[in-house]
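Residue numbers (the working numbering), protein chains in the order written: chain A, 1 to 487; chain B, 1 to 487. Glycine included, C-beta positions come from ideal geometry on N, C-alpha and C. Every value quoted in this text rests on a predicted model; they were computed, and no experiment measured them.
Protein chains: 2
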Amino acid sequence: MSFAGPVLPFSPVLPPAGSRLRQHVLHQQLQAAIADGRLAADLRLPGSRTLAEACGVSRNCVVAVYERLLAEGYVVARNGGGTYVAPVRATRRAESPAPQIDARERLAPAWRDLPEALRFGPRDNFAFDFAVGVPDRSEFPLSLWRSLSAQALRRTARASATYLVPEGQPSLREAIAAHASFIRAVSCSASELIVTSGAQQAFDLIARLFVEPGKTVVAVEEPGYPPLRRVFAAAGARIVPIAVDREGLVVEDIPPEARIVCVTPTHQFPMGPALSARRRLALLAFAQKHEALIVEDDYDSEFLDAARPLDALQTLDRGQSVFYVGTFSKSLLPTLRLGYVIAPPWAISALASAKQMSDWHCAESAQEALAAFIAQGHLARHLRRMRKVYAQRRRILLHALERHGAGLLHPVTSGGGLHATALLRDDVDARALVTTAAARGVRVASIAGFCMQEAAPNGLVFGLGAIPAELIDEGVSTLVRLALKRS
Amino acid sequence: MSFAGPVLPFSPVLPPAGSRLRQHVLHQQLQAAIADGRLAADLRLPGSRTLAEACGVSRNCVVAVYERLLAEGYVVARNGGGTYVAPVRATRRAESPAPQIDARERLAPAWRDLPEALRFGPRDNFAFDFAVGVPDRSEFPLSLWRSLSAQALRRTARASATYLVPEGQPSLREAIAAHASFIRAVSCSASELIVTSGAQQAFDLIARLFVEPGKTVVAVEEPGYPPLRRVFAAAGARIVPIAVDREGLVVEDIPPEARIVCVTPTHQFPMGPALSARRRLALLAFAQKHEALIVEDDYDSEFLDAARPLDALQTLDRGQSVFYVGTFSKSLLPTLRLGYVIAPPWAISALASAKQMSDWHCAESAQEALAAFIAQGHLARHLRRMRKVYAQRRRILLHALERHGAGLLHPVTSGGGLHATALLRDDVDARALVTTAAARGVRVASIAGFCMQEAAPNGLVFGLGAIPAELIDEGVSTLVRLALKRS
């Protein structure tokens with residue numbers, strides 16, 4: 001370290017001689033001192049030779065620093081050759097404490113009361129992990145995906161110098177359109193869908209385009225999927241929870257002023273039932289009558305036991321009201337962040353515009369890799385395998401609930417899928433049990449965790465994606481033991 | 001083809017005998033007829049044997065179809081074994097024309113007057129491509145990226161079954177924090193930045209969090225970056241264009257009611273000058289006085305000629321007002337969709353929440369690949385190489401403008417970067433020239449294309465990312481010839 005003498009009102013502290021950073025640091029210190037007001041406006045700086053000697057640097061170094069400060073406007077040259085501190089306005093110094101800013105005061109109103117981001121605990125903490133909403137990662141065809149990604153990168157990196165179209169790459173839109181019609185009898189052409197960063201972004205684009213802040217009423221299922229509620233609330237919507245029964249969303253309860261209805265008709269999340277045929281038609285009629293939009297969240301229909309579940313609302317829709325949202329977070333991996341929305345033709349251009357404003361488009365190589373993965377039949381094969389895997393886990397779970405939990409846990413009938421729900425005997429509080437269980441290495445969710453309102457069905461949701469088949473029975477028996485202790 | 005007889009009010013049209021689709025099609029046609037009302041409620045359907053004979057299918061096939069319709073609620077079984085059409089409400093038939101829906105009437109107000117998505121023409125159309133805002137793709141270290149991506153995928157795919165944290169992977173946040181301080185002397189810890197899908201998403205997150213629709217005033221540069229204006233407008237902001245001169249944004253002109261100021265202080269986009277030191281301090285003082293936020297868009301400082309450009313506003317900020325937005329769209333590829341925002345500590349949690357609602361998080365393997373790419377020093381190496389490439393193109397461009405366009409095109413002084421701007425002689429209209437040039441294979445942009453207002457500087461913007469050095473001179477001479485014809 002070397003110290004400048006009394007040639008300046010303060011002493012620059014520089015790195016040791018020989019360091020290539022000395023010039024940089026000297027510049028920074030002078031600049032900061034000018035910005036802070038420690039070197040006052042109109043002060044004449046020492047000559048370059050003087051400062052060089054005081055700091056133990058070369059004269060060239062000081063000349064370069066002064067030239068830069070001159071170019072930056074921190075100093076001015078005056079007649080006679082002197083270098084003077086410029087009259088830049090001083091801001092507060094970092095030494096004074098940073099201002100205490102309350103984020104709430106700065107946020108737009110719709111964001112002020114939203115909770116912080118959701119966090120998933122790391123998987124390692126759980127011996128028995130019934131995490132909800134995630135697929136089995138260990139079964140993902142990793143090396144295949146890797147080689148398709150590499151191919152996609154090779155093919156595309158040379159192709160285009162510009163940003164891509166917001167709707168998604170043509171190859172992927174074609175592949176998804178074919179996949180959706182295959183898996184779900186959803187009929188659409190490639191031009192009627194937009195590729196998104198998961199289902200979440202599809203919800204987000206719809207919310208932004210169609211929610212008039214402070215005015216638009218959005219009906220959601222209760223219980224339902226919290227991240228969907230949150231994104232509509234963030235857009236300024238008034239959220240109205242609508243009950244769910246054995247026929248799914250109670251369509252009759254939707255208030256006429258609702259302009260958007262969000263629903264999981266194939267497999268109500270998280271309770272399980274499908275929306276009945278009667279209600280499907282009633283919901284479509286509601287939408288036509290009130291010019292409402294329907295957001296059809298079809299998050300895991302790939303894994304339903306029934307070979308042919310009920311037709312999608314999108315298939316039945318004659319009124320151009322349905323936005324069908326699909327995702328590859330369950331069929332492949334959530335960390336890929338790929339999904340899509342099939343929308344009525346009148347809405348496609350607006351969705352593309354909203355997608356572009358959000359993030360231009362999804363990453364190119366991921367899109368091309370997925371397109372190839374689907375087009376070459378790997379997705380269909382993967383789904384066939386996973387359907388068996390999850391169906392087996394489901395059977396084991398239901399058997400374990402019967403074996404260990406009869407009278408305590410009552411499974412809700414559903415057509416399969418990535419999770420199963422069970423109601424809990426009234427004298428055991430599901431919320432408290434979830435906390436106790438987590439402390440003992442069992443991750444399971446309460447139905448209440450998916451509810452907006454305090455009054456929630458007393459029950460548990462068991463995800464089937466993260467838990468190996470051979471751990472299910474022991475996980476359930478551990479849980480039941482804990483529940484009986486609490487009853 | 002076979003036709004059902006008069007056993008039904010309409011005749012199902014089925015695929016040829018032997019097709020495995022006969023059952024599926026019969027089901028679809030019955031279901032559609034019930035939904036449409038062609039098969040009225042309470043109508044008794046023919047017995048399975050009768051319908052099977054009429055349609056030329058097996059009885060089992062009809063039984064399966066009836067069972068499915070029963071499960072779906074389209075038909076009901078009554079005493080005595082008959083199958084009756086259920087009283088499902090009929091919706092309109094697809095034969096009647098689809099409703100004509102005007103998207104504008106359905107969109108939230110802030111979106112109604114936004115233009116459609118921007119489109120880049122394909123590169124192939126241009127012999128001389130001065131596209132603005134894109135880097136050179138041919139120089140991208142493709143095989144290195146591919147191998148890091150593959151490694152990342154291998155490492156991460158087994159790791160976690162759940163969604164990731166919205167802020168970005170710890171490894172990438174660490175790498176970007178180090179990179180930003182290296183490249184730009186921006187000081188931040190990993191916890192003060194959020195990984196985004198390009199700069200666009202960073203703008204978007206800020207707009208959503210801090211714009212109160214219909215109220216918040218946002219000051220932007222004129223000329224400036226249109227996608228930034230659009231995203232703030234979409235959030236409901238009132239956009240106020242502020243002029244730019246040789247010292248960059250005219251800070252004195254910002255109205256006191258502005259709550260967000262968007263600025264490109266390092267290299268004004270697209271005009272070129274840096275924001276002067278005086279204005280930097282004035283802008284920071286403005287922000288502190290009015291509790292305004294500053295969005296510092298530092299899109300191409302990696303490519304400035306000066307080894308050390310003026311300090312970032314983020315570096316000078318003592319008031320926790322600056323949101324520094326960086327991107328890898330210029331330093332690597334726009335199609336990767338990766339960027340970041342360094343924010344004041346008080347805003348990080350809200351940004352994370354907004355990121356999660358937008359799309360949960362960026363794709364895992366891309367994040368991990370970029371983290372490794374930076375940490376292993378490849379980014380710094382790539383930037384060193386590209387800085388030379390672009391500086392050379394810039395020299396050739398300026399020389400060509402001088403050689404062919406003296407008196408016609410006057411380059412605006414700037415410190416380098418990925419584009420250069422030149423003012424055009426008054427008697428040649430830049431907008432018209434851009435159109436003529438495009439038809440002759442020269443892509444170049446007009447300054448007017450970056451302006452909100454009609455009155456725009458008459459000039460051109462030359463991007464340096466897409467055009468090889470050896471084509472620049474001929475591109476400019478072609479352009480000048482076209483301009484002289486128009487004068």
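ask   = If phenylalanine 210(A) and alanine 285(B) are in contact, beta carbons under 8 Å, what's the gap, nearest whole angstrom?
value = In fact, because the Cβ distance is near 41 Å, the residues do not count as touching under 8 Å.
request  = Give a yes or no on whether 8 Å exceeds the smallest Cβ distance from arginine 278(B) to chain A.
outcome  = Cβ-Cβ to chain A under 8 Å: yes for arginine 278(B).
message = Could you give the first and the last residue of the continuous alpha helix (DSSP H) run that contains phenylalanine 462(A)?
response = No alpha helix (DSSP H) holds phenylalanine 462(A); the beta strand (DSSP E) holding it covers 459-463.
query = serine 446(B) bridges to which residues according to DSSP?
reply = DSSP, once it has assigned bridges, lists Leu460(B) as partnering serine 446(B).
Contact set for alanine 391(B): own chain, Cβ-Cβ below 7 Å, skip 5 residues either direction = The beta carbon of alanine 391(B) is closer than 7 Å to those of Asp305, Gly416 in its chain, skipping five residues each way along the sequence.
key: Cα-Cα separation between leucine 310(A) and alanine 274(A), rounded to whole angstroms   = Their Cα atoms are separated by approximately 8 Å.
task = Taking only heavy atoms of the ligand NAP into account, decide whether any of them is closer than 7 Å to the Cβ of tyrosine 299(B).
result = Questions concerning the ligand NAP fall outside what the structure shown contains, since it holds no ligand whatsoever.
inquiry  = When you compare the CB positions of tyrosine 324(A) and glutamine 314(A), do they come within less than 8 Å of one another, or not?
reply    = Taking 8 Å as the Cβ cut-off, tyrosine 324(A) and glutamine 314(A) qualify as a contacting pair.
Residue-level contact to chain A via CB, leucine 45(B), 8 Å cutoff = Judged by the 8 Å Cβ criterion, leucine 45(B) is not in contact with chain A.
ask   = By the criterion of Cβ-Cβ separation under 9 Å, what are the contact partners of cysteine 362(A) in chain B?
value = The contacting residues are Ser197, Arg337, Ala363.
ask   = chain A partners of glutamate 212(B), CB-CB under 7 Å?
value = Simply Ala108, Pro109.
key: Close beta carbons around alanine 32(B), own chain, < 6 Å, minus the five adjacent residues each side   = Within the same chain, alanine 32(B) has no close Cβ partners at all.
query = So, does the CB of phenylalanine 328(B) fall closer than 8 Å to a CB anywhere in chain D?
reply = The structure shown contains no chain D; the protein chains it does contain are A and B.
task = Please list the partners that tyrosine 74(B) has in chain A, where partner means a Cβ-to-Cβ separation under 8 Å.
result = The answer, in chain order, is Ala277.
request  = Using a Cβ cut-off of 8 Å, pull out every chain B residue sitting near serine 353(A), in sequence order please.
outcome  = Neighbours of serine 353(A) in chain B, taken as residues whose beta carbon is under 8 Å from its own, are Trp111, Leu114, Pro115, Glu116, Ala117 in chain order.
Alpha carbon of serine 149(B) to alpha carbon of alanine 150(A), nearest angstrom = Going by the C-alpha atoms only, they are around 8 Å apart.
request  = Would you kindly check if the distance between the Cβ of proline 16(A) and the Cβ of leucine 26(A) is under 8 Å?
outcome  = No, they are not a contact pair.
message = So tryptophan 145(A) and glutamine 200(B) are supposed to be a Cβ contact under 8 Å. How far apart are they, rounded?
response = With a contact defined as Cβ atoms closer than 8 Å, tryptophan 145(A) and glutamine 200(B) miss out at about 27 Å.
message = Check for me: the alpha helix (DSSP H) holding aspartate 204(B) runs from which residue to which?
response = Residues 198-210.
message = If the cut-off is 9 Å on Cβ atoms, which residues from the stretch 236-248 of chain B count as contacting chain A, listed in chain order?
response = Answer in chain order: Gly236, Glu247.
ask   = According to DSSP, what are the bridge partners of threonine 83(A)?
value = Its beta-bridge partners are Ala77(A).
query = So who's on the other strand from cysteine 61(A), going by DSSP bridges?
reply = Looking at the DSSP assignment, cysteine 61(A) forms no beta bridge with any residue, so it has no partner.
task = With a 10 Å radius around its C-beta and 16 neighbouring C-beta atoms as the bar for buried, classify leucine 484(B) as buried or exposed.
result = Around the CB of leucine 484(B), fewer than 16 other CB atoms lie within 10 Å, so the residue is classed as exposed.
request  = Indicate whether valine 134(B) and proline 334(B) have their beta-carbon atoms separated by less than 8 Å.
outcome  = The answer is yes: Cβ separation under 8 Å.
inquiry  = Here's the rule I'm using: 16 or more other beta-carbon atoms within 10 Å means buried, otherwise exposed. How should glutamine 23(A) be labelled?
reply    = Per the 10 Å Cβ criterion, buried.
query = Where does proline 468(B) land, buried or exposed, given buried means 16+ other C-beta within 10 angstroms?
reply = The residue is exposed, with fewer than 16 neighbouring Cβ atoms inside 10 Å.
query = Interface residues of chain B around phenylalanine 128(A) at Cβ under 7 Å?
reply = What phenylalanine 128(A) touches in chain B: nothing, since even the nearest Cβ is about 13 Å away.
task = Have a look at aspartate 136(A) and leucine 370(A) and give me their C-alpha separation to the nearest angstrom.
result = So the two alpha carbons sit approximately 18 Å from each other.
inquiry  = Taking a contact to mean a Cβ-Cβ separation below 8 Å, would you say valine 75(B) touches alanine 41(B) in this structure?
reply    = Taking 8 Å as the cut-off, the Cβ atoms of valine 75(B) and alanine 41(B) do not count as close.
key: In DSSP terms, what histidine 419(A) is bridged to   = In DSSP, histidine 419(A) forms a bridge with Gly463(A).
task = Could you tell me the distance, in whole angstroms, from the CA atom of serine 197(B) to the CA atom of threonine 327(B)?
result = Straight-line Cα distance between these residues: approximately 9 Å.
ask   = Closest Cβ-Cβ distance between serine 349(B) and chain A: below 8 Å?
value = Output row for serine 349(B): interface = yes.
task = Return the CA-CA distance between serine 276(A) and alanine 185(A), expressed in angstroms with no decimal places.
result = Rounded to whole angstroms, the gap between the alpha carbons of serine 276(A) and alanine 185(A) is 17 Å.
Separation of leucine 479(A) from arginine 443(A), as counted between CA atoms = A straight-line Cα-Cα distance of about 10 Å links arginine 443(A) and leucine 479(A).
task = Could you tell me whether the stretch 249-256 of chain A touches the stretch 386-401 of chain A, using the rule of 3 or more Cβ pairs below 8 Å?
result = Flag = no, the stretch 249-256 of chain A and the stretch 386-401 of chain A do not touch.
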